[in-house]
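Trainee: Below: one structure in structure tokens.
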Amino acid sequence: MKILDQELEASSTISYAGLIEKIEILRSTLRWASRLERPDIEKLLRQAGALRDEVMQLSHKERFVKAAAAEPTRAALSRRQRREGLIERSFVFEGAFGENPKLLEALEIAEKAAPTGLPVLIDGESGTGKELMAKVVHANGDRADRPFVSVNCGAIPENLLESELFGHRRGSFTGASTDRKGKFESAHTGTIFLDEIGELPLTGQVKLLRVLEAHEIQRVGSDELIAVDARVVAATNRNLRRLCEEGKFREDLFYRLSVIHLSLPPLRERRDEIPLLFQFIGDEAAEALKRRPIEMTRRLRAFLLDYAYPGNIRELRNIIYRLSCLAGQTADVEHLPADIRPASPVRGAATAAPDGDDKAVGAAAFSEAKRVASDQAEREFLERGLQEVGGVVTELARRCDMNRSHLQSLLKKHGIRSKDSRHANASRRDERT
369 MKILDQELEA SSTISYAGLI EKIEILRSTL RWASRLERPD IEKLLRQAGA
419 LRDEVMQLSH KERFVKAAAA EPTRAALSRR QRREGLIERS FVFEGAFGEN
469 PKLLEALEIA EKAAPTGLPV LIDGESGTGK ELMAKVVHAN GDRADRPFVS
519 VNCGAIPENL LESELFGHRR GSFTGASTDR KGKFESAHTG TIFLDEIGEL
569 PLTGQVKLLR VLEAHEIQRV GSDELIAVDA RVVAATNRNL RRLCEEGKFR
619 EDLFYRLSVI HLSLPPLRER RDEIPLLFQF IGDEAAEALK RRPIEMTRRL
669 RAFLLDYAYP GNIRELRNII YRLSCLAGQT ADVEHLPADI RPASPVRGAA
719 TAAPDGDDKA VGAAAFSEAK RVASDQAERE FLERGLQEVG GVVTELARRC
769 DMNRSHLQSL LKKHGIRSKD SRHANASRRD ERT
């Protein structure tokens with residue numbers, strides 16, 4: 369019976385041959401499992417856990433190499449090819465994303481940074497998906513099965529900040545009735561997400577900088593140093609460089625946090641993503657509310673496609689959930705929040721205009737009429753084409769000389785389901801027989 373004398377440790381020089389040898393040693397040992405003492409069993413469990421970590425590291429390193437190898441050809445790839453490349457490389461992303469070049473660049477950077485453990489700073493307007501991007505970095509790294517702890521730095525009172533981040537000992541201040549772990553301890557071996565980092569007061573910035581430099585914390589009321597290994601991902605909707613110039617944010621902390629810097633574009637610059645989000649969030653809302661996904665009138669869909677979304681994806685999500693809750697099967701503009709709802713239906717806009725504004729409203733109505741007519745023609749073409757090919761999307765894409773994923777996006781945009789065409793064709797065949 370052979371037992372490894374040394375503990376198995378994750379190494380940067382991992383090889384398949386070495387892993388297979390260690391696995392074979394464990395297998396031969398397990399044949400004698402009934403004769404092993406408890407200490408030997410615990411040792412085997414530690415060795416098995418270390419092996420698992422090595423396999424996970426190897427997997428993430430290989431994905432990193434694959435992503436890096438694709439970099440030289442990125443300039444030659446279309447946006448659609450870059451998007452499909454991310455998906456094909458088993459890139460973990462809980463949601464839907466389109467082909468905006470700024471967003472694709474951010475996702476590609478996140479894919480490469482994820483396995484490294486380097487600090488990441490994400491900036492962008494409120495509601496653009498910064499926390500989702502932080503989870504993307506976590507899920508695609510070698511800490512994916514470890515804790516992900518989120519902290520809203522702007523929501524913590526300054527006098528409780530140190531206790532919240534680093535924990536406290538019992539009796540260290542009024543109300544501290546028990547020992548308590550801080551967020552950094554809870555995120556040990558995992559990832560801590562510091563949202564709204566720009567709202568952190570200067571005193572908190574000094575303490576955070578020390579943690580990033582020393583990788584250790586002190587609970588409030590304790591002299592004991594506690595080592596922590598937590599990857600830091602921070603996010604802000606403010607310009608930290610400008611805050612540094614104004615003396616409101618420490619420059620040394622900024623450079624510590626922004627080793628990898630990601631910028632997320634607002635939703636108004638990612639309009640190709642809106643139809644995909646309709647489908648994704650609509651299905652999510654239907655599942656949460658335990659009802660069928662809503663359908664939208666053409667008037668409502670046209671409004672939502674053209675709306676500016678100052679609150680970005682968060683605002684769109686709230687709108688879709690509201691529509692799913694208030695509407696029956698079909699939602700229309702009257703189900704929108706009153707502060708964004710059109711004053712009158714688009715078709716009646718010209719007649720509802722005040723005197724002296726006829727020209728502007730008439731031009732807007734004409735432009736809207738053209739767009740609606742174009743959408744109607746596109747929808748009718750897709751429905752007729754699907755009927756002709758029996759609902760087979762691949763065949764319709766071939767006949768139209770169109771990329772299949774683009775065709776799927778158009779079908780989602782108009783709420784057309786290929787299975788409906790298949791069912792209709794089957795019904796017609798049954799009637800003939």
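In this note's numbering, the protein residues as written are 369 to 801. From the three backbone atoms N, C-alpha and C, an ideal C-beta is built for every residue, glycine too. Please read these numbers as outputs of a predicted model, since none were measured by experiment.
1. CB-CB under 6 Å to residue 501, same chain, minus the five flanking residues each way: which ones, in chain order?
2. Counting only the same chain and skipping the five closest in sequence on each side, list residues whose C-beta sits under 8 Å from that of residue 583.
3. What runs of the alpha helix (DSSP H), each 4 residues or longer, lie entirely inside the stretch 603-661?
4. Would residue 451 and residue 467 be called neighbours here (beta carbons separated by less than 9 Å)?
5. Using three-state DSSP, classify residue 459 as helix, strand or coil.
6. Tell me whether the stretch 505-524 and the stretch 544-563 touch, counting them as touching only if at least three CB pairs, one residue from each stretch, are closer than 8 Å.
7. May I ask which residues mark the beginning and end of the beta strand (DSSP E) holding residue 520?
8. Would you give the residue range spanned by the alpha helix (DSSP H) that residue 505 belongs to?
9. Could you have a look at residue 601 and say whether DSSP puts it in helix, strand or coil?
10. I need the DSSP call for residue 560, collapsed to helix, strand or coil.
11. Leaving out five residues before and five after residue 548 in sequence, what residues of the same chain have Cβ atoms less than 7 Å from its Cβ?
12. Do you know offhand how far residue 572's Cα is from residue 529's?
13. Should residue 624 and residue 580 be called a contact, given that it needs their Cβ atoms to be closer than 9 Å?
14. According to DSSP, is residue 698 part of a helix, a strand, or is it coil?
15. Tell me whether residue 373 is buried or exposed, calling it buried when 16 or more other Cβ atoms sit within 10 Å of its Cβ.
16. Can the beta-carbon of residue 761 be found closer than 9 Å to that of residue 775?
17. What does a CB cutoff of less than 8 Å around residue 705 pick up in its chain, not counting 5 residues either side in sequence?
18. Going by alpha carbons, who is nearest to residue 531 out of 576, 675, 754 and 655?
19. How close, in whole Å, do the beta carbons of residue 521 and residue 568 come, if the pair is a contact with beta carbons under 8 Å?
20. Is the separation between the beta-carbon of residue 618 and that of residue 570 shorter than 9 Å?
21. What does DSSP give as the partner residue(s) for residue 548 in the beta ladder?
22. Since residue 661 contacts residue 650 with CB under 8 Å, what's their CB separation in whole angstroms?
23. Examine the Cβ distances between the stretch 674-684 and the stretch 476-496 and report whether three or more of them are shorter than 8 Å.
24. Is residue 601 buried or exposed, if buried means 16 or more other CB atoms sit within 10 Å of its CB?
25. Would you kindly work out how many angstroms separate the C-alpha atoms of residue 454 and residue 772, rounded to a whole number?
26. Alpha carbons only, please: which of 616, 655, 784 and 542 is nearest the one belonging to residue 755?
27. Who are the Cβ neighbours of residue 464 in its own chain at under 8 Å, not counting the five residues just before and after it?
28. In its own chain, which residues sit with a C-beta less than 7 Å from the C-beta of residue 626, not counting the 5 before and 5 after it?
Mentor: With the structure as the only source:
1. Counted from its first residue, the sequence shown places residue 501 at position 133. The answer, listed in chain order, is 490.
2. Within the sequence shown, residue 583 is the residue found at index 215, counting from 1. Hits under 8 Å: 595, 596 and 597.
3. Listed in chain order, they are 608-613, 619-625 and 642-657.
4. Position 83 of the sequence shown holds residue 451. Position 99 of the sequence shown holds residue 467. In this structure, residue 467 lies closer than 9 Å to residue 451 by Cβ.
5. In the sequence shown, residue 459 corresponds to position 91, counting from 1. If DSSP states are grouped into helix, strand and coil, residue 459 belongs with coil.
6. Yes, the stretch 505-524 is in contact with the stretch 544-563.
7. Taking the first residue of the sequence shown as position 1, residue 520 is located at position 152. Counting along the chain, the beta strand (DSSP E) containing residue 520 begins and ends at 516-520.
8. If you number the sequence shown from 1, residue 505 lands on position 137. That run of the alpha helix (DSSP H) goes 498-507.
9. On the sequence shown, position 233 is the one that residue 601 refers to. If DSSP states are grouped into helix, strand and coil, residue 601 belongs with the strands.
10. As a first step, residue 560 must be located in the sequence shown, where it is residue number 192. Of the three classes helix, strand and coil, the one that applies to residue 560 here is strand, per DSSP.
11. In the sequence shown, residue 548 corresponds to position 180, counting from 1. Shown here for residue 548: same chain residues with a beta carbon closer than 7 Å to its own, the five before and five after excluded, namely 535 and 536 in chain order.
12. Residue 572 sits at position 204 when you count from the first residue of the sequence shown. Residue 529 sits at position 161 when you count from the first residue of the sequence shown. If you draw a straight line from the Cα of residue 572 to the Cα of residue 529, it comes to about 7 Å.
13. Against the sequence shown, residue 624 aligns to sequence position 256. Against the sequence shown, residue 580 aligns to sequence position 212. Yes, they are a contact pair.
14. Here the question's residue 698 lines up with position 330 in the sequence shown. Secondary structure at residue 698: strand, using DSSP grouped into helix, strand and coil.
15. Your numbering for residue 373 matches position 5 in the sequence shown. Low per-residue confidence applies at residue 373: pLDDT is 42, beneath 50, and the placement is therefore not dependable enough to give any value.
16. On the sequence shown, residue 761 is found 393 positions in, with the first residue counted as 1. On the sequence shown, residue 775 is found 407 positions in, with the first residue counted as 1. Going by C-beta atoms, residue 761 is nearer than 9 Å to residue 775.
17. For this step, residue 705 is matched to residue 337 along the sequence shown. Only 687 and 690 meet the Cβ criterion.
18. As a first step, residue 531 is located in the sequence shown; it is residue number 163 there, counting from the start. Closest by C-alpha distance to residue 531, out of 576, 675, 754 and 655, is 576.
19. On the sequence shown, residue 521 is found 153 positions in, with the first residue counted as 1. On the sequence shown, residue 568 is found 200 positions in, with the first residue counted as 1. Their Cβ separation, rounded to whole angstroms, is 5 Å, which keeps residue 521 and residue 568 in contact under 8 Å.
20. By one-based count along the sequence shown, residue 618 stands at place 250. By one-based count along the sequence shown, residue 570 stands at place 202. In contact: residue 618 and residue 570 (Cβ atoms closer than 9 Å).
21. Here residue 548 is taken as the residue at index 180 of the sequence shown, counted from 1. DSSP lists 536 as partners of residue 548.
22. Stepping through the sequence shown from its first residue, residue 661 is reached at position 293. Stepping through the sequence shown from its first residue, residue 650 is reached at position 282. Going by Cβ atoms, the distance from residue 661 to residue 650 rounds to 5 Å, so yes, they are a contact pair.
23. Touching, yes, given that three or more Cβ pairs across the two stretches are closer than 8 Å.
24. Position 233 of the sequence shown, counted from the start, is the residue given in the question as residue 601. Residue 601 should be labelled buried.
25. In the sequence shown, residue 454 corresponds to position 86, counting from 1. In the sequence shown, residue 772 corresponds to position 404, counting from 1. Their backbone Cα atoms lie some 17 Å apart in a straight line.
26. One-based indexing of the sequence shown puts residue 755 at position 387. If we check each option's Cα against that of residue 755, 784 comes out closest.
27. Locating residue 464 in the sequence shown gives position 96, where the first residue counts as 1. Cβ within range, chain order: 641, 644, 645, 647 and 648.
28. The residue you call residue 626 lines up with position 258 of the sequence shown. Answer for residue 626: 489, listed in chain order.
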